[in-house]
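Asker: Sharing a structure with you now.
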Amino acid sequence: MSPRPTQLVAAQQVSALHHHTVVKPNIDRTTKSDKERHREQTRQYELSILNEVGPGADPDQLEFDPDLYDKLFKGTSYIDIITFNTWSREHKVSPVTVILRENYSSILTFATFLAGFQFVGLQFGGDGGGEEPNPVLEWSSFLLVMGLILSALSACCCVAVVEYLRFLEHEPPKMILVALNRYKHFMQHVALLAIASSVLFIVSINLAVYDNQKLPFAIVIHVLSGIAVLTMMLAFYVVTFRRQEFVLPSSILAPGESPVVKRRVYQFREELAAHRRASGAAGSGKAAMGAGGPEVLVSSDGQKDAAV
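Each residue of the sequence shown is one higher than the one before, starting from 1 at the first, in UniProt numbering.
Listed below in structure tokens is the structure:
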């Protein structure tokens, strides 16, 4: 006689309940065993670096400290700017290394790309094929070699900077700040090497054009090359070094809004300087009031008057 459907359902429920009650203690025992083993390892090694943050805390978190930033980063370069913007907004320093690494990876790509063109120019260049050396082409080859050296140097420096930034990840935030400040000037000059290599490349091409092309064609190429070099250097100066302030059109201004907009780091430095001046004035006033005794004034006739 076959069991009824209700009996089958009841049997399945009892089996599932029995399975649940049997398996659950094993899971609890495994979890407790893992916790105990972790505590034993912690007690065995006694490494405080492994317990530098509490449970659930973010090791990359660091509240923005205006005084610490002002002591480490005095300028307004793009490294100073990106450090201030990221740290003051996100209260983290680690994202700065990621942004800078992307920037120097782009410079590395440009430097290697330029070095390839310079190497090809050296392979196909020459002294004009004559028996006597051509001084103009000799200068052109010399500048091309110098540009190739600068491109290779820029690429190698970019590799070093990218690796340095990559290995700064997951370090303490204050160490990242000090490390960025220590090599900030070196990292800024890496881009200048690539710019200088580009200028030498253009000058060497113009020397070769002056020797091989007719004068009208050479003049046109010289003028265009000069405009290109000036534009490149001016753009690099404006984007990287010059103080960036902009004036908003009056049509989009809100009532009482200032028409001048500037980078946040400029406003931070102005407000910090004003705060320190106010604090210094208040401190000097309290010191004068707390000195005790009446202030002694000397009149024009040489007598001393007491001012209460």
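Each residue gets a CB set at the ideal place from its N, CA and C atoms; glycine is no exception.
1) Near Arg263, which residues of its chain fall below 7 Å by C-beta distance, leaving aside the five closest residues on each side in sequence?
2) According to DSSP, is Lys184 helix, strand or coil?
3) Just reading off the alpha helix (DSSP H) that Phe113 is part of, what are its end residues?
4) Using only the alpha-carbon positions, how far apart do Pro172 and Pro59 sit?
5) Enumerate in chain order the residues of its own chain whose CB-to-CB distance from Met232 is below 6 Å, with the five nearest sequence positions on each side excluded.
6) Have a look at His222, Val120 and Pro95 and flag the residue whose alpha-carbon is nearest the alpha-carbon of Ser141.
7) Is it buried or exposed, Met187, if we count other Cβ atoms within 10 angstroms and call 16 or more buried?
8) Per DSSP, Lys262 forms a beta bridge with which residues?
9) From the DSSP output, which residues share a beta bridge with Gln267?
10) Give me whichever residues DSSP pairs with Gln61 in a beta bridge.
11) Can you list, in chain order, the residues of its chain whose CB lies under 6 Å from that of Leu72, leaving out five sequence neighbours each side?
12) Pick helix, strand or coil for Ala278, following the three-state DSSP scheme.
13) Given a cut-off of 7 Å on the beta-carbon distance, is the pair Ser225 and Asn206 in contact?
Answerer: The relevant details are as follows:
1) In the sequence shown, the residue the question calls residue 263 occupies position 263. The answer, listed in chain order, is Ile81 and Gln244.
2) Here residue 184 is taken as the residue at index 184 of the sequence shown, counted from 1. Under the three-state reduction of DSSP, Lys184 is assigned to helix.
3) To locate residue 113, count along the sequence shown from 1; it is residue 113. The continuous alpha helix (DSSP H) containing Phe113 extends over residues Ser94 to Phe124.
4) Taking the sequence shown and counting its residues from 1, one reaches residue 172 at position 172. Taking the sequence shown and counting its residues from 1, one reaches residue 59 at position 59. Pro172 and Pro59: Cα-Cα distance of roughly 7 Å.
5) Residue numbering aside, residue 232 sits at position 232 when the sequence shown is read from its first letter. Once the five neighbours on either side are set aside, Met232 has no close Cβ partner at all.
6) In the sequence shown, residue 141 corresponds to position 141, counting from 1. Selected option, being the one with the closest Cα: Val120.
7) Residue 187 sits at position 187 when you count from the first residue of the sequence shown. It is buried - the Cβ of Met187 has at least 16 other Cβ atoms within 10 Å.
8) For the purposes of this step, residue 262 is taken as residue 262 along the sequence shown, with counting starting at 1. Per DSSP, Glu245.
9) On the sequence shown, position 267 is the one that residue 267 refers to. Note: Gln267 sits in no beta bridge, so no partner.
10) Working through the sequence shown from its first residue, we reach residue 61 at position 61. DSSP, once it has assigned bridges, lists Lys92 as partnering Gln61.
11) Looking up residue 72 in the sequence shown gives position 72. Taken in chain order, the residues that qualify are Leu177 and Asn181.
12) Working through the sequence shown from its first residue, we reach residue 278 at position 278. Three-state DSSP puts Ala278 in a helix.
13) As a first step, residue 225 must be located in the sequence shown, where it is residue number 225. As a first step, residue 206 must be located in the sequence shown, where it is residue number 206. Yes, the pair counts as a contact, with Cβ atoms nearer than the cut-off.
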